[in-house]
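One structure below.
There are 2 protein chains.
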Amino acid sequence: MVEVSVISVTHDKFTGLPMIILGNTDENFAIPIWIGDYEAELLENCLLGAVPPRPFPYDLICNVIASLDGEVEKVVINQFDKGIYFASIFIKRKDGEIVKIDARPSDSINIAVRTGAPIFVTKEIIEKACLIKLKEENSPYSPQQKRELEKLLKYIFDEEE
Amino acid sequence: MVEVSVISVTHDKFTGLPMIILGNTDENFAIPIWIGDYEAELLENCLLGAVPPRPFPYDLICNVIASLDGEVEKVVINQFDKGIYFASIFIKRKDGEIVKIDARPSDSINIAVRTGAPIFVTKEIIEKACLIKLKEENSPYSPQQKRELEKLLKYIFDEEE
């Protein structure tokens, strides 16, 4: 497993859909995950430090976990099938047992950023999922793949520069 | 406190906004609570018995509570201020202690319908909030209020008849 961070919450400029870019600059990769508008908005608000006047669902989940003496250990994006990502949230109970709860990546990441828990992706995800090389030297991709990746890189980093 | 049930998830025909109608036919009242599109969609899906392919936030909260040996005792809509409702979710921990967690009514009701927990409104809410008399004999409302209520009743029950 490789630890990743949220590089960006942005919009796919081709489809207009919101997406999270997860990445690890040392390991030289990034993974785009398309998510819902609502999940993207709540993630963005949290990353910007906005405090909602009333708890929204992810704040509520974090409050529930804390009230039941649980602690979010980590979040793992662990499956990629037919373009859909799956994830698990690992929560440490008061008795020390760690429970694994299936969740969508968008929900998992929203909880990770609110609790400070680390986010991991499995090697299988890195092999199977749509990847972007963050640095382009010695790229193993075909010219067609490189053109696609360049397009992806362009719209991801357009907003960053 | 008075126990209520979800009479309807519908749309306000004047504003187009989604709303929940909570009510108690024995006590002869109903309360409309305006909520978000996302929350209304997930509530409606649950009431229709739809099972999502992956857990959505409310399914996730219920799974988290169960994994941490909690049990939802009840949900209470307990405050109404400047047109906004507030609620609390009461969760029984494994050690028997009952914890109270602040939540929005839309989130609370979504969790109640998924866990089978009862929903209550306080007397204060019944006194302060926008109410609809389910039966109209001996109505304490002014003619103007009655006309407003008739409009509300009409669009609520239009879909039911």
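Residue numbers (the UniProt record's numbering), protein chains in the order written: chain P, 1 to 161; chain A, 1 to 161.
All C-beta atoms in this analysis are idealised placements derived from N, C-alpha and C, irrespective of residue type, glycine included.
query: Please identify, using Cβ separations under 7 Å, the residues of the region 93 to 122 of chain P that lie next to chain A, in order along the chain.; result: Arg93, Val99, Ile101, Asp102, Ala103, Arg104 and Asp107
query: What residues in its chain sit with their C-beta under 6 Å from that of Ser106 of chain A, if we drop five residues either side in the sequence?; result: Ile35 and Glu39
query: Find the nearest neighbour of Phe129 of chain P within the set P:Leu48, P:Pro55, P:Leu68 and P:Ile33, judged by alpha-carbon distance.; result: Strictly speaking, residue 129 of chain P in this sequence is Ala, with Phe absent from that position. It is P:Ile33 whose Cα lies nearest to the Cα of Ala129 of chain P.
query: Just list the residues that DSSP pairs Lys92 of chain A with in beta bridges.; result: A:Glu71 and A:Ile98
query: Quick one: is Ile61 of chain P near chain A, going by C-beta distance under 8 Å?; result: yes
query: Compare the C-alpha of Val4 of chain A against each of A:Glu27, A:Met19, A:Phe14 and A:His11 and name the closest.; result: A:Glu27
query: Tell me whether Met19 of chain P is buried or exposed, calling it buried when 16 or more other Cβ atoms sit within 10 Å of its Cβ.; result: buried
query: Look at Ala87 of chain P and Val99 of chain P and say whether their C-beta atoms are less than 8 Å apart.; result: no
query: From this set, A:Leu42, A:Ile125 and A:Ser8, which residue's C-alpha is nearest Lys82 of chain A's C-alpha?; result: A:Ile125
query: Give the DSSP bridge partners of Met19 of chain P, in chain order.; result: P:Thr10 and P:Trp34
query: Apart from the five residues on each side of it in sequence, which residues of its chain come closer than 6 Å, Cβ to Cβ, to Leu17 of chain P?; result: Trp34
query: Once you ignore the five residues that flank Val113 of chain A on each side, which residues in its own chain have a CB closer than 8 Å to its CB?; result: Val6, Leu43, Cys46 and Leu47
query: For the beta strand (DSSP E) holding Val121 of chain P, just list the boundary residues, first then last.; result: Ile119 to Val121
query: Look at the alpha carbon of Asn24 of chain A and the alpha carbon of Leu68 of chain P, and state the distance between them as a whole number of angstroms.; result: 32 Å
query: Name the chain P residues that come within less than 9 Å of Pro55 of chain A, Cβ to Cβ?; result: Ile101, Asp102, Ala103, Arg104 and Asp107
query: Please identify the residue among A:Val51, A:Phe90 and A:Ile111 whose C-alpha is closest to the C-alpha of Pro57 of chain P.; result: A:Ile111
query: Have a look at Glu71 of chain A and Ile21 of chain P and give me their C-alpha separation to the nearest angstrom.; result: 36 Å
query: For Asn45 of chain A, which three-state DSSP category applies?; result: helix
query: Closest to Lys123 of chain P by CA distance: which of P:Lys94, P:Ala117, P:Phe80 and P:Ile89 is it?; result: P:Phe80
query: Compare the C-beta of Val64 of chain A with all C-beta atoms of chain P and state if any pair is closer than 8 Å.; result: yes
query: Counting only the same chain and skipping the five closest in sequence on each side, list residues whose C-beta sits under 7 Å from that of Thr115 of chain P.; result: Cys62 and Val72
query: By the criterion of Cβ-Cβ separation under 8 Å, what are the contact partners of Tyr88 of chain A in chain P?; result: For clarity, residue 88 of chain A is Ser in the given sequence; the question names Tyr instead. Correct list: empty, because the minimum Cβ distance to chain P is about 11 Å.
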